[in-house]
Amino acid sequence: MNPIIEEITAAQVKHKIAPFKVGDGVKVHTKVREADKERVQVFAGVVIAHKGSGIHETFTVRRISYGEGVERVFPVNSPNIDKIEVEKDSTPGKARLYYLRDRSGKAAMAVKEKRNKQAAPAKT
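Offset between the sequence shown (1-based) and my numbering: plus 345.
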(Lines of atoms letter the chains of each structure in order from A; the text may use other names.)
(Lines give C-alpha, C1' and ligand atoms only; values in the text may rest on other atoms or scores of the structure.)
Protein backbone atom coordinates (compact mmCIF):
# COMPACT_ATOMS: atom_id res chain seq x y z
CA MET A 346 0.00 0.00 0.00
CA ASN A 347 1.07 3.57 -0.56
CA PRO A 348 3.01 4.86 2.49
CA ILE A 349 1.09 8.15 2.48
CA ILE A 350 -2.24 6.32 2.68
CA GLU A 351 -0.89 4.04 5.42
CA GLU A 352 0.18 7.07 7.46
CA ILE A 353 -3.21 8.77 7.13
CA THR A 354 -5.25 5.66 7.96
CA ALA A 355 -3.00 4.42 10.80
CA ALA A 356 -5.05 6.32 13.40
CA GLN A 357 -8.30 4.64 12.24
CA VAL A 358 -7.04 1.04 12.38
CA LYS A 359 -8.30 -0.91 15.42
CA HIS A 360 -5.64 -2.80 17.34
CA LYS A 361 -7.75 -4.36 20.10
CA ILE A 362 -9.61 -6.98 18.04
CA ALA A 363 -10.19 -10.54 19.19
CA PRO A 364 -8.04 -12.81 17.01
CA PHE A 365 -10.27 -14.92 14.77
CA LYS A 366 -9.79 -16.85 11.55
CA VAL A 367 -11.78 -18.42 8.75
CA GLY A 368 -14.01 -21.21 10.06
CA ASP A 369 -14.50 -19.75 13.53
CA GLY A 370 -17.98 -19.22 14.93
CA VAL A 371 -18.27 -15.54 15.85
CA LYS A 372 -20.75 -13.05 17.27
CA VAL A 373 -20.39 -9.59 15.74
CA HIS A 374 -21.91 -6.80 17.85
CA THR A 375 -22.83 -3.90 15.57
CA LYS A 376 -24.18 -0.50 16.51
CA VAL A 377 -27.52 0.28 14.87
CA ARG A 378 -28.89 3.80 14.88
CA GLU A 379 -32.68 4.15 14.74
CA ALA A 380 -33.96 7.72 14.80
CA ASP A 381 -32.31 9.28 17.87
CA LYS A 382 -31.57 5.98 19.65
CA GLU A 383 -28.60 3.66 19.27
CA ARG A 384 -28.63 -0.05 20.11
CA VAL A 385 -26.36 -3.05 19.62
CA GLN A 386 -27.44 -5.83 17.28
CA VAL A 387 -25.70 -9.24 17.25
CA PHE A 388 -24.99 -11.19 14.05
CA ALA A 389 -23.75 -14.71 14.83
CA GLY A 390 -22.38 -17.16 12.28
CA VAL A 391 -19.32 -18.76 10.71
CA VAL A 392 -16.52 -16.69 9.17
CA ILE A 393 -16.21 -17.88 5.56
CA ALA A 394 -13.72 -15.30 4.29
CA HIS A 395 -11.14 -12.84 5.62
CA LYS A 396 -9.69 -10.39 3.08
CA GLY A 397 -7.52 -7.33 2.84
CA SER A 398 -5.14 -5.62 5.21
CA GLY A 399 -4.87 -2.37 7.11
CA ILE A 400 -7.91 -0.12 6.85
CA HIS A 401 -9.37 -2.22 4.00
CA GLU A 402 -9.58 -5.47 5.97
CA THR A 403 -12.98 -7.22 5.79
CA PHE A 404 -14.50 -10.54 6.81
CA THR A 405 -17.65 -12.36 5.70
CA VAL A 406 -19.95 -14.08 8.19
CA ARG A 407 -22.57 -16.63 7.12
CA ARG A 408 -25.51 -17.97 9.08
CA ILE A 409 -28.73 -19.84 8.40
CA SER A 410 -31.85 -17.83 9.21
CA TYR A 411 -35.29 -19.42 8.75
CA GLY A 412 -33.82 -21.96 6.33
CA GLU A 413 -32.09 -19.35 4.14
CA GLY A 414 -28.38 -18.66 4.07
CA VAL A 415 -27.55 -15.07 5.01
CA GLU A 416 -24.10 -13.56 4.50
CA ARG A 417 -22.84 -10.21 5.68
CA VAL A 418 -19.52 -8.52 4.98
CA PHE A 419 -18.07 -6.49 7.86
CA PRO A 420 -15.15 -4.06 7.69
CA VAL A 421 -12.87 -4.96 10.61
CA ASN A 422 -12.02 -1.34 11.40
CA SER A 423 -15.55 0.05 11.19
CA PRO A 424 -16.57 2.34 14.07
CA ASN A 425 -20.01 0.64 13.92
CA ILE A 426 -18.57 -2.67 15.13
CA ASP A 427 -18.74 -2.69 18.91
CA LYS A 428 -16.95 -6.01 19.47
CA ILE A 429 -16.28 -9.42 17.96
CA GLU A 430 -16.66 -12.52 20.17
CA VAL A 431 -15.21 -15.87 19.12
CA GLU A 432 -17.69 -18.60 20.12
CA LYS A 433 -16.23 -21.65 18.44
CA ASP A 434 -12.59 -22.23 17.47
CA SER A 435 -11.88 -24.33 14.37
CA THR A 436 -9.18 -25.71 12.10
CA PRO A 437 -10.20 -24.90 8.52
CA GLY A 438 -8.73 -26.78 5.58
CA LYS A 439 -9.03 -23.82 3.20
CA ALA A 440 -8.58 -20.05 3.19
CA ARG A 441 -12.14 -19.42 1.96
CA LEU A 442 -15.13 -21.57 2.91
CA TYR A 443 -17.36 -20.72 -0.04
CA TYR A 444 -18.30 -24.40 -0.40
CA LEU A 445 -20.63 -23.93 2.59
CA ARG A 446 -22.95 -21.95 0.30
CA ASP A 447 -23.99 -25.14 -1.52
CA ARG A 448 -24.93 -26.96 1.68
CA SER A 449 -28.13 -26.88 3.66
CA GLY A 450 -29.16 -27.81 7.20
CA LYS A 451 -26.51 -28.80 9.73
CA ALA A 452 -23.98 -29.43 6.97
CA ALA A 453 -24.01 -25.71 6.11
CA MET A 454 -22.33 -24.91 9.42
CA ALA A 455 -20.09 -27.98 9.59
CA VAL A 456 -16.49 -26.91 10.09
CA LYS A 457 -13.89 -29.07 11.80
CA GLU A 458 -13.67 -27.87 15.40
CA LYS A 459 -10.35 -27.57 17.13
CA ARG A 460 -9.88 -30.06 19.92
CA ASN A 461 -8.82 -28.72 23.28
CA LYS A 462 -5.47 -30.06 24.39
CA GLN A 463 -6.29 -31.06 27.94
CA ALA A 464 -4.08 -33.37 29.90
CA ALA A 465 -5.55 -36.78 30.50
CA PRO A 466 -6.00 -37.68 34.18
CA ALA A 467 -3.03 -39.57 35.56
CA LYS A 468 -3.57 -43.26 36.33
CA THR A 469 -2.66 -44.29 39.86
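Beta carbons are placed, not taken as given, at the ideal position from N, Cα and C, and that holds for glycine.
Compare the beta carbon distance of residue i and residue j with 8 Å and say whether it is the shorter of the two.
i	j	result
glycine 414	arginine 446	yes
proline 408	alanine 394	Sequence inspection shows arginine at residue 408; the proline mentioned does not correspond to that position. No, the pair does not count as a contact, with Cβ atoms beyond the cut-off.
glutamate 432	glycine 370	yes
glycine 368	serine 435	yes
aspartate 427	valine 391	no
What are the boundary residues of the beta strand (DSSP E) that includes residue i?
i	result
threonine 405	403-410
proline 420	413-420
Going by alpha carbons, who is nearest to residue i out of the options?
i	options	result
valine 373	Ser435, Lys439, Ile429, Thr436	Ile429
valine 421	Pro364, Ile353, Pro348, Asn347	Pro364
alanine 440	Lys366, Ile349, Gln357	Lys366
Near residue i, which residues of its chain fall below 7 Å by C-beta distance, leaving aside the five closest residues on each side in sequence?
i	result
glutamate 351	Gly399
asparagine 425	Thr375, Lys376
What is the C-beta distance between residue i and residue j, in whole angstroms, given that I count them as a contact (C-beta under 8 Å)?
i	j	result
glycine 397	threonine 403	5 Å
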